Each structure stands twice: as C-alpha cells, then as structure tokens.
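In our numbering, the protein residues as written are 2 to 352. Below is one structure; the comments refer to it alone.
What follows is the structure in structure tokens.
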C-alpha cells in the first residue's frame, strides 16, 4: 500500500499505533497530522517519568539527590541582593521539574505517577526532558586521546601493545566508552582481498567521511548509549548516510570532507528536524575530524561499533521480520571501509 504521508509505493514500515504504512521517519512524523508521533512521544515521556521499579537503595539515593537540590535552591537564595535573588529564585524554580510538594513526597518514600503531577509540573518535566536537562551529558569517546593510542593492524585488531596509555583528564570520555578494536572473531578481511588487488578510488575516503558523520550523529542522538535500541539506531544511520544506504555504491559526488558531511546534514534536516543546519554542519565536521585526527585505529573502532550494533539489531525479534538482507549489505560495506582505513592509515591523516 502507499505511504500515508507522501504516497510513495515503497513502504517499509508500519505505524504501531494506527497501522498506516510509511516509508521513512519524516513520513511517520507527518502522517495522521502528527497525532501518532505526538502520542508516541507523550507515552515515552510518561514511561521515562514512571520508569522501572527501582531498588530501595536507588530510591533512597535519588531522594537524597532531589532533597539536597531543593534545599540548595532554597538555602542559596539569601546570599544574593533582593533583585538578583528574585531573578535567581525564578530561574531555579523554572529549572526544577518538580514542585516542593512533590519533592517532599519523594523524600518520605512516596512514588510519583505522571497522572499525579500538576499541569505546571508536567509541562516543566516535558520541557526538561526535551532539552536534555534530565540526562547527564555524554562525552563522545572520540574526544579521548586514548581512542587513538593503540595502532590497528590491517585486520583491525591491536597491532602493538601499549605500555602506558595517555592519562585521561577530567571531563574527558571514559575509556570504558571507547569501542574496542577487532576481537579474534571480528578480524577484517585484508583490503587487497576485498578489492581484488585493485587500487582504491580517491573518492573512497569521502565515503568513509560520509558514513562516519552519520555514525557520530546517531551516537549523539542516543546520548552515547543505543543499547536496546540498536535496530532504530541503525535504521537512522542508514537514513542519514547515502554511502551506507546505497545498494550499488551510487552516492553524491564529494570533493572534500565538508561535502561528504553536508549530505548527512541535509538528510538530518529532514529526518531529525535539525533546527540549524549551519550549526549541525559545523558540529558534525568537528566530530568527524576529531575521529580522523586520532588516526585510522579510531575510524576502525567506529565502524566496528556500527557493525556490532547491526549484529545486536539482527538479534531482536522485530529485526528478523524485516531488513535482514539490507543490514547484511551495510555490515559488509562498513567492514570494507574499516579494512580500507586499516590498510591505508595515511588516508586518515589526509582527510
């Protein structure tokens, strides 16, 4: 059947709420006048507030944090002048998603339900959820020097043991967030075998840039943790990258890194409704250049991280019913690009 939003006959997805067929994320957002997408986001917000039943220790720790924050807001108000103090109080009240009454209920062990919140509390919570204020900001692993401290072999595994890795500084990504190089079961095929002994085309480096731009953007969209949502994360990456989604390698021509990233930005503006394409372009360029600055080993880590997400997506029951052959093709392409960069480490330095 045709897409409920644009009329396209290539409909790969169905809305879980109304069953309408859609062909892409932007069509899902727009079909049924956006009601299904809004209902989904509202339900996600409610689920996030309700959450899973936490342990007693986790509840106690959260109560202490909330109570300390509330007391800190109240206790610090006396140090400012009257005008400044009034403005500070208003800012702090706007910053806190819950009222003092709700915080008090939490402090005595009462669980909160979204239906029990006032309209103001619910609106404040939804604003905080949308702005990301309820989440700890993720520091990308490619901002850590440790991600480039180990040289990758042509097979994608560790080439040399490093006795002393660079010490991490405060505010940098944790080493535990850095995707590992290839394990014995993940070794890349030699690039000369994959390429049939032919020299790689010059444009292949820009294909790597395009694919890694989509990867870094999706990692940021999921705040660095796509566990449990690998299927959705991989589908988003395919929507954003012409290189990853192309069936026969046909992608827009790129002459530099900026061109390769710009294609991802244009797709993101439609799929993710990015507010500022100029800011997104600059941010993505910084992320991609940070990965390449670390060297080919960091690029290999990124592509292997993507292939592991594809493997995890294949393991879900929903994934078995759709897109398995497409993901297999994307997995082969990601491993091909990783093998190319592992075999030609000088390419990363020339991007």
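The C-beta atom is built at its ideal place from N, Cα and C for all residues, glycine as well. Given the structure is predicted, the values throughout are model-derived calculations rather than measurements.
Same chain only: Cβ atoms within 8 Å of residue i, ignoring 5 sequence neighbours per side
{"i": "residue 177", "result": "none"}
{"i": "residue 317", "result": "231, 232"}
{"i": "residue 288", "result": "141, 143, 214, 217, 218, 221"}
Cutoff 6 Å; reference residue i; Cβ partners in own chain excluding five residues on either side
{"i": "residue 156", "result": "188, 189"}
{"i": "residue 346", "result": "297"}
{"i": "residue 28", "result": "4, 6, 7"}
{"i": "residue 314", "result": "231, 232, 235, 320"}
{"i": "residue 21", "result": "5, 32"}
{"i": "residue 258", "result": "210, 352"}
{"i": "residue 170", "result": "Residue placement at residue 170 is poorly supported in this model, since its pLDDT is 40, which falls under 50; the coordinates still yield a value, given next. Nothing listed; no residue qualifies."}
For residue i, the first and last residue of its enclosing alpha helix (DSSP H)
{"i": "residue 289", "result": "278-294"}
{"i": "residue 233", "result": "231-241"}
{"i": "residue 223", "result": "That residue, residue 223, is in no alpha helix (DSSP H); it is neither H nor E in DSSP."}
{"i": "residue 346", "result": "346-351"}
{"i": "residue 30", "result": "26-31"}
{"i": "residue 151", "result": "No alpha helix (DSSP H) holds residue 151; DSSP gives it neither H nor E."}
{"i": "residue 195", "result": "192-195"}
Environment of residue i [buried if 16+ CB atoms lie within 10 Å]
{"i": "residue 352", "result": "buried"}
{"i": "residue 184", "result": "exposed"}
{"i": "residue 19", "result": "exposed"}
{"i": "residue 278", "result": "exposed"}
{"i": "residue 300", "result": "buried"}
{"i": "residue 116", "result": "exposed"}
{"i": "residue 224", "result": "exposed"}
{"i": "residue 326", "result": "exposed"}
{"i": "residue 119", "result": "exposed"}
{"i": "residue 40", "result": "exposed"}
{"i": "residue 137", "result": "exposed"}
{"i": "residue 180", "result": "buried"}
Spatial neighbours of residue i in its chain, beta-carbon cut-off 7 Å, leaving aside the 5 residues before and after
{"i": "residue 310", "result": "227, 231, 234, 235"}
Residue i in three-state terms, based on DSSP
{"i": "residue 332", "result": "helix"}
{"i": "residue 316", "result": "coil"}
{"i": "residue 215", "result": "helix"}
{"i": "residue 327", "result": "helix"}
{"i": "residue 22", "result": "strand"}
{"i": "residue 155", "result": "coil"}
{"i": "residue 247", "result": "coil"}
{"i": "residue 6", "result": "coil"}
{"i": "residue 160", "result": "coil"}
Test: residue i CB closer than 7 Å to a CB of chain C
{"i": "residue 30", "result": "Among the chains in the structure shown there is no chain C, since it carries only a single protein chain."}
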